[in-house]
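Note sheet for the following structure.
In the numbering used here, the protein residues as written are 308 to 709.
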């Protein structure tokens, strides 16, 4: 093992999690990407161009909004970090604009992505179109059906959407297919991974691009209240919106960091996406992390009413924050998320993504244990337009009228 590889390996871990468990054929593009992060991303030219894009194209900073009606009802101040107001409607665009710009600087013409809820696919297609890059998006066939509206958006933006028929036909299988494609086309293609998962350096790259969320929360909280928030709460699938919200507060120990996973239907032994709460250490998509698996190491099917949380693993930095006790990870079920979705619609006039509804549900479920006068920030990672078909099916199944 040479010195360069030793440094590469050393940089790839968060505590005991992370690493680079990939075929030898993927080491060259991963090393190339790490080098681009060290040289291109830190340059004044890149940072200036990215800052301008985030301000004028994405619409940053996103507001930190105090919910007046729910705050009065709950007895503490509930703030929403409005990532749903970003261009394309979710936090995903922070990451894709950064990676697309990096792809352009690296001189590669093709941007490759995987997507579950479709938001990352839309954000990647948007960034690719804006920067004149070709775009390919792998998507599980089940998710293609569940998120037909987002599939149309990607295609309108010029992306080619490739349905994946293997496995459970969801995000895990789309990620497998995208990685296989990247191995074959690495010379011309950058894989724009959508969350803080995968082999080094992706968890660090995506975190650094999403860290703008937490930086803004901190500045806006100090501006609006004069102090830091008491809680920062975010949903966790792969974990990109959560690590973006958490990262700037890790050294601020007075701030409680709460990650909320999807407990599925909530029945004992049901399929779920609670990789931290119900998972064990194992390797998935190139990293050692916590994941849902059998005793023999076979990946279990995952489930969530929120497609973006429907993933059997979690980013290795979250596994480390859980290990170290710096962040608390809990879970809520589909029904609780739907109730929170309805509550925010009716009380504040905001339609949240079902993913974000999990984070809000934790706050509503734990209202009695949160001290009066606290300042609680929920990262509203996306808007709920994309989920209206799912909600419509649930309402119809209940025999209710929308």
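Ideal Cβ positions, reconstructed from N, Cα and C, are used throughout, including at glycine.
- Annotation for residue 480: 447, 471, 473, 474 place their beta carbon closer than 6 Å to its own, counting only its chain and skipping 5 residues before and after.
- The closest CA to that of residue 381, considering only 477, 555, 672, is found on 672.
- Per DSSP, the unbroken alpha helix (DSSP H) holding residue 672 starts and ends at 661–672.
- In this structure the region 694–704 does not touch the region 404–411; the number of beta carbon pairs closer than 8 Å is below three.
- With contact defined as three or more Cβ pairs closer than 8 Å, the region 640–659 and the region 582–593 are not in contact.
- With a threshold of 16 other beta carbon atoms within 10 Å, residue 547 meets it and is buried.
- Note: residue 525 is not bridge-paired with any residue in the DSSP secondary-structure output.
- Taking the CA atoms as reference points, residue 691 sits about 38 Å from residue 334.
- DSSP places residue 566 outside any alpha helix (DSSP H); the residue lies instead in the beta strand (DSSP E), whose first and last residues are 563–569.
- Rounded to the nearest whole angstrom, the C-alpha separation of residue 540 and residue 666 is 6 Å.
- Remark: fewer than three beta-carbon pairs, one from each stretch, lie closer than 8 Å, so the region 448–467 and the region 489–496 are not flagged as touching.
- Between residue 341 and residue 508, the gap from beta carbon to beta carbon is short of 7 Å.
- In this structure, the straight-line span from the alpha carbon of residue 461 to that of residue 376 is close to 36 Å.
- Membership of residue 583 in the alpha helix (DSSP H) is indicated by the continuous run 582–585.
- If you ignore the 5 residues before and after residue 347, its C-beta comes within less than 8 Å of the C-beta of 353, 409, 412, 413, all in its own chain and listed in chain order.
- Taking a 10 Å sphere around the C-beta of residue 442, we find 16 or more other C-beta atoms and assign the residue as buried.
- In this chain, the alpha helix (DSSP H) harbouring residue 432 covers 426–438.
- Spanning the alpha carbons of residue 599 and residue 324 requires a straight line of approximately 15 Å.
- Ranked by how close their Cα comes to the Cα of residue 623, the residues 482, 511, 567 have 511 in first place.
- Between residue 687 and residue 384 a beta carbon distance of about 15 Å is seen, past the 8 Å cut, so the two are scored as non-contacting.
- Secondary structure of residue 444 (DSSP, three-state): strand.
- Of the residues 536, 502, 492, 395, the one whose Cα lies closest to the Cα of residue 685 is 536.
- Boundaries of the beta strand (DSSP E) harbouring residue 542: 538–542, taken from the DSSP string.
- Less than 7 Å divides the Cβ of residue 615 from the Cβ of residue 424.
- Distances from the CA of residue 449 to each of 428, 478, 433, 430 were compared; the closest alpha carbon is that of 478.
- With fewer than 16 other Cβ atoms inside 10 Å of its own Cβ, residue 602 counts as exposed.
- Here residue 583 is near residue 629, since their CB atoms are less than 7 Å apart.
- The residues 627, 630, 631, in chain order, have a CB closer than 7 Å to that of residue 322 in the same chain once the five nearest residues on each side in sequence are set aside.
- Around residue 664, the same chain offers 644, 647, 648 as residues with beta carbons nearer than 6 Å, after the five sequence neighbours per side are excluded.
- Nearest neighbour of residue 330 by Cα position, chosen from 640, 593, 580, 702, turns out to be 593.
- Counting along the chain, residue 467 sits inside the beta strand (DSSP E) bounded by residues 467–471.
- Contiguous beta strand (DSSP E) elements confined to the region 604–688 occur at 634–639, 682–687, taking only those with 3 or more residues.
- The C-alpha of residue 523 lies about 21 Å from the C-alpha of residue 427.
- Collapsing the DSSP output to three states places residue 388 in a strand.
- Take the alpha-carbon of residue 566 and the one of residue 415: they are about 35 Å apart.
- Across the structure, residue 581 and residue 636 are spaced so that their CA atoms are roughly 9 Å apart.
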